[in-house]
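>
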Amino acid sequence: MSIAIATVNDTQIRPVLTPADQELFLDVPQRVYSKDPNWVPPLRSSITKSFKPENPFFQYGRLQQFIATRSGSKGVEAVGRIVASVNDRLIEREGQPVGLFGYFECIDDGAIAQALFAAAGDWLREQGMTTVRGPIDLTTHNNCLFLVDGFDSPPMIMMPYNPAYYLKFMEQDGWRKAKDAYAYILDLSEELSEQFKKGYDIACKSGISFRPIRTKGDGFEQDCISLYHLFTETFAPNWSSTPRTQEEFLEEAKSLQALVDPDVFPVAEYEGQMVGFWMGLPDYNIPLKHVNGKLDLIGTLKFLWFRRNIDQGRVIAICSLPKYRRKMVPLGLIYLGMLGGIKKGKPYQRAELSWVFEDNMASRKLIEASGGKIYKTYRIYEKSLA
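The sequence shown: position 53 = 52 (numbering that gives the first Met the number 0), numbered continuously.
1) How would you write the range of the beta strand (DSSP E) that F387 sits in, first residue to last?
2) Starting from the N-terminal side, write out each stretch of the alpha helix (DSSP H) that is 4 residues or longer and does not extend beyond the segment 225 to 305.
3) I want to check one thing, is the minimum distance from the CB of E76 to the heavy atoms of the ligand SAM below 7 Å?
4) Could you give the distance in angstroms between the alpha-carbon of Q256 and the alpha-carbon of T231?
5) Would you kindly work out how many angstroms separate the C-alpha atoms of K48 and Q64, rounded to a whole number?
6) Less than 8 Å between C-beta atoms, sequence neighbours within five positions excluded: which residues of the same chain meet that for Q348?
7) Within this structure, are the beta carbons of A77 and A67 separated by less than 8 Å?
8) To which residues of the same chain is M0 closer than 6 Å at the C-beta, ignoring the five residues directly before and after it?
9) Under 8 Å, do G127 and N86 count as touching if we go by C-beta distance?
10) For K176, is the classification buried or exposed, using 16 other Cβ atoms within 10 angstroms of its Cβ as the cut-off for buried?
11) Under DSSP, the beta strand (DSSP E) around Q29 begins and ends at which residues?
12) Apart from the five residues just before and just after W38, which ones in its own chain have a Cβ nearer than 7 Å to its Cβ?
13) Excluding five sequence neighbours on each side, which residues of the same chain lie with their C-beta closer than 6 Å to the C-beta of Y227?
14) With a 10 Å radius around its C-beta and 16 neighbouring C-beta atoms as the bar for buried, classify P52 as buried or exposed.
15) K178 lies in the alpha helix (DSSP H); which residues open and close that run?
16) Using DSSP bridges, identify the partner residues of T130.
17) With a cut-off of 8 Å on the beta carbons, I'd call W174 and Y377 a contact; round off their distance for me.
18) Check each candidate in D260, D151, D172, C203 and name the one with the smallest Cα separation from R325.
19) Use the C-beta contact count for W122: other C-beta atoms within 10 angstroms, 16 or more gives buried, fewer gives exposed.
20) Could you say which of I4, S45, R132, T138 lies nearest to L294 if we only look at CA atoms?
21) Find the nearest neighbour of G344 within the set L89, D260, L330, P41, judged by alpha-carbon distance.
22) With C-beta atoms as the reference, is M273 less than 8 Å away from S225?
23) Counting along the chain, where does the beta strand (DSSP E) carrying P14 start and finish?
24) Using the DSSP secondary-structure output, state which residues sit across from N86 in a beta bridge.
25) Reducing DSSP to helix, strand and coil, say where I4 ends up.
26) Nearest-angstrom Cα distance between S239 and T139?
27) Buried or exposed: where does L210 fall if 16 or more other Cβ atoms within 10 Å of its Cβ makes it buried?
28) Does the beta-carbon distance from A119 to I207 come in below 8 Å?
29) Considering just the uninterrupted stretch of the alpha helix (DSSP H) at V399, what are its terminal residues?
30) Nearest by alpha-carbon distance to D148: which of T129, Y181, L137, F116 is it?
31) DSSP three-state call for S45: helix, strand or coil?
32) Runs of 4 residues minimum, wholly inside the segment 107 to 172: which ones carry the alpha helix (DSSP H) assignment?
33) Using the rule of at least 16 other Cβ atoms within 10 Å of the residue's Cβ for burial, across every protein chain shown, is P242 buried or exposed?
34) Using a threshold of 8 Å, state whether the C-beta atoms of C318 and F276 are closer than that.
35) Ignore the nearest five residues each way along the sequence and tell me which others in A3's own chain have a CB closer than 8 Å to its CB.
36) Among A114, D217, P55, Q58, which one has its Cα closest to the Cα of G79?
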C-alpha cells in the first residue's frame with residue numbers, strides 16, 4: 000500500500016508507486032475538465048510513455064509522480080496530481096540547482112493544490128534544488144506553461160490548456176511570474192503586407208531556394224536531420240530550454256509525420272543546405288477532441304471522421320539561421336507558408352503562431368507585421384525552495 004506523505008481533510012497526497020496508482024494519475028484530467036467544453040483530452044498513451052524507462056529523459060534526469068486521492072462512491076479516486084523533476088542538462092546550462100514541476104492537474108481546492116506543490120517541493124529539496132519552476136513537463140519541448148488569458152476558445156494542437164482557477168492557486172502559494180509567452184491569431188482572409196512578397200523575391204535573387212518539406216521515405220528522414228540541426232543551432236539559447244538529442248528529435252518527428260501538410264511547411268535552402276523553415280501543422284485538436292484520449296478502433300474512426308472539420312492551423316516555429324536573415328529568408332518563408340494555407344482547396348481560415356516569449360521582440364515584430372494579434376497569454380512561474 001502506498002504511504003501518504005500528507006493529508007488534507009479527507010485527501011491523501013502520496014507518491015505514485017504501483018500500476019494502479021499510475022492509472023489514477025492518468026484519470027485526474029477527466030475529473031478536472033469533465034464540464035469544460037474547451038478542453039481537448041491528451042492521448043493517454045502519450046502521457047504514459049513519458050514515465051516509461053525507455054524515455055530518453057531518464058538518461059539525464061529523474062522524476063517523482065504524486066497523486067491526491069480520497070475515497071469516493073466508486074472506491075479510491077484521484078483529485079489531483081503533480082510531477083517533480085530534475086533535468087541535469089538544464090542545471091548545467093543555467094549553473095543553478097533549479098527543479099521543475101509539471102503534469103499538474105487539480106480540482107478547485109486550494110488546500111489540495113498547496114499540498115501537491117509542497118510534496119513536489121520537498122522532493123526537489125531532497126535532490127538539492129533551491130528553486131522550482133513550472134509548469135514544465137520534464138522539458139520545454141514537451142507541454143509547458145499555464146494559460147492565464149484567453150480561456151474562451153480551445154487550445155490548438157500541442158498547446159496547453161488549464162482552468163482559470165490555477166492562477167488563484169499560484170497566487171495563494173506564493174509563486175511569482177518567471178516569464179510570459181503569447182499566442183498570436185492571424186485571419187487568413189486578410190491580405191498579407193507587400194513587404195513579404197518583396198522579401199521572398201529578394202531571397203530568391205540572393206540564391207535562396209524554397210520547397211515543401213518531404214514527408215516520405217529517405218527524403219523525410221534527411222529533412223528531419225536537417226531540421227534537427229537548425230533547431231539545435233537556432234533555438235538552443237532559448238530560456239529554460241536544453242537541446243534534444245538527434246534520437247529524441249527524430250522520434251518526435253516520426254510521431255508527427257502523418258500529420259504534416261507540406262503546403263504549410265516550406266523549407267529554405269542555400270546551395271543545397273537547409274537554412275530555414277516555417278513549421279505549420281493542421282489543428283488536429285479539432286478531431287482529437289472527439290476521441291476521449293484514446294486512438295483505439297472507435298477513436299481512430301472518430302478521428303478520421305472529424306478531421307474533415309479542420310479549418311485552422313498552428314505555426315509552431317519560424318526559423319532562419321542568423322546569417323541568412325539578411326537574405327530575407329524569414330519573410331520569404333512567411334509569404335510561402337501563408338500562400339500555401341490559402342491555396343485553392345485548402346480549408347484554413349485562420350492560423351495561430353505560438354508560442355513566443357514576451358521578450359523575443361524580433362519574432363514578435365515579424366509576426367505582428369504579418370497581421371498577427373495576441374489572443375492568448377501563458378506563463379511560467381518560479382518559487383524559492385529555501
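Cβ coordinates follow ideal geometry from the N, Cα and C atoms, glycine included.
Taking the coordinates as given:
1) Residue 387 cannot be examined here, being either before or after the span of the chain that is shown, 0 to 385.
2) 245 to 255, 284 to 287, 296 to 305
3) For the ligand SAM, the structure offers nothing, since it holds no ligand at all.
4) 20 Å
5) 14 Å
6) D186, L187, S188, D310, Q311
7) yes
8) Model confidence at M0 stands at a pLDDT of 39, short of 50, so the residue's coordinates are unreliable and nothing is read from them.
9) no
10) exposed
11) First-last for Q29: 18 to 31, but that is the alpha helix (DSSP H), not the beta strand (DSSP E).
12) Y32, Y160
13) Q245, F248
14) exposed
15) Careful: K178 lies outside any alpha helix (DSSP H), inside the beta strand (DSSP E) at 175 to 186.
16) Among the bridge pairs identified by DSSP, T130 is matched with V97, S383.
17) In this structure, W174 and Y377 do not form a Cβ contact; the two beta carbons are roughly 14 Å apart against a cut-off of 8 Å.
18) C203
19) buried
20) S45
21) D260
22) yes
23) 10 to 14
24) G60
25) coil
26) 7 Å
27) The question names Leu, but residue 210 in the sequence shown is Arg. Under this definition R210 is an exposed residue.
28) Between A119 and I207, the C-beta spacing is not below 8 Å.
29) Shown here, the chain extends from 0 to 385; a query on residue 399 therefore has no answer.
30) Y181
31) If DSSP states are grouped into helix, strand and coil, S45 belongs with the helices.
32) 109 to 125, 165 to 171
33) buried
34) yes
35) Q11, I12, R13
36) A114
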